[in-house]
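Protein chains in written order, with my numbering: chain A, 1 to 117; chain B, 1001 to 1110.
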C-alpha cells in the first residue's frame, strides 16, 4: 500500500532532550516536506527536499534540522526542543515538484503530536 | 513574503445549506491546490486548478480559480455531515515551497 509513515505518532518529552521524528515513503517520491499545524495558523512548512541530498528551509525552520540521505527517508530532528515546538507535525511527499505550472499533489502521513514540557 | 489567506476561519451550517470558503494570495499563483482534513486526520488532496478562470466540479463541490490567479474558492452545495472537516488551499512559490492558507473549519448540524 502506498503510504507515508511517521513515527512516533505521539510523544511527550522535556525541554532540551534531543528527539527525531522519522518519515518514510514507499512511493519513490522525489519531493518530501515537513509541516507543523497549529490552531489558527494552518499548515506551515518547516523544511522541504526536492531530492536526495537537497534540502531547503520552509517558512518556520528555526529549531529544526532535516536530512535526506536516501530517497525514501526524511527525518525531522529537534536538537534542543522547547515548549513552543509543541505542535502537530506532518510529513508529506509528492512525485516531484514538477514544473512551475503544475506541482504534484502532496501525500501526507498520519501526523505526530509532540508535547514539549 | 508570499502569503495565502483564507476566510472564514470557521463556518457552522445546517445540513442542506451551502458553504463557501475563499482563498486569497498576495502574489499571482501558477496553480492552486485544495485539501480536506477530517477531524483527527491528515490533509487529503482534493483538486488542482491551473488555468485563469478555471472552474472544476466534483459532485457537490465546485472549485474556482480567479481570472488574475490570485484568488480561489470552494463551494459546497447542500452540505452533508460527511463534509465536516477543515479545508485548505495551497499555492506554490517559485522556489519549491508550498504555502497553505490557515484553513476553514466546517461544522454541519444534522
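Every residue, glycine too, gets a C-beta built ideally from N, C-alpha and C.
Keep in mind it's a predicted model, so treat the numbers as computed, not measured.
- Of the residues A:112, A:116, A:117, A:106, the one whose Cα lies closest to the Cα of residue 1032 of chain B is A:106.
- Beta-bridge analysis with DSSP links residue 92 of chain A to A:33, A:108.
- With its beta carbon at least 8 Å from every one in chain A, residue 1074 of chain B lies outside the interface.
- Boundaries of the beta strand (DSSP E) harbouring residue 44 of chain A: 42 to 51, taken from the DSSP string.
- Following the DSSP letters along the chain, one finds residue 1075 of chain B inside the beta strand (DSSP E) bounded by residues 1071 to 1076.
- Sequence-distant Cβ neighbours of residue 1018 of chain B in its own chain, meaning closer than 6 Å and more than five residues away, are 1077.
- For residue 27 of chain A, no beta strand (DSSP E) segment is defined, and its DSSP state is neither H nor E.
- Out of B:1012, B:1068, B:1097, the CA that lies nearest to the CA of residue 60 of chain A is found in B:1097.
- Per DSSP, residue 56 of chain A is one residue of the beta strand (DSSP E) stretching across 54 to 57.
- Residue 1085 of chain B is outside the set of residues whose beta carbon lies under 8 Å from a beta carbon in chain A.
- For the segment 1022 to 1067 of chain B, the full-length beta strand (DSSP E) segments reaching 3 residues or more read 1032 to 1037, 1044 to 1049, 1055 to 1058, 1061 to 1065 along the chain.
- A check of alpha carbon separations from residue 1091 of chain B across A:85, A:44, A:4 identifies A:44 as the nearest.
- Counting only the Cα atoms, residue 1086 of chain B lies some 12 Å from residue 1108 of chain B.
- Distance from the CA atom of residue 48 of chain A to the CA atom of residue 34 of chain A, rounded to whole angstroms, is 6 Å.
- Here residue 1083 of chain B carries a helix assignment [DSSP, helix/strand/coil].
- According to the DSSP secondary-structure assignment, residue 7 of chain A is paired through a beta bridge with A:22.
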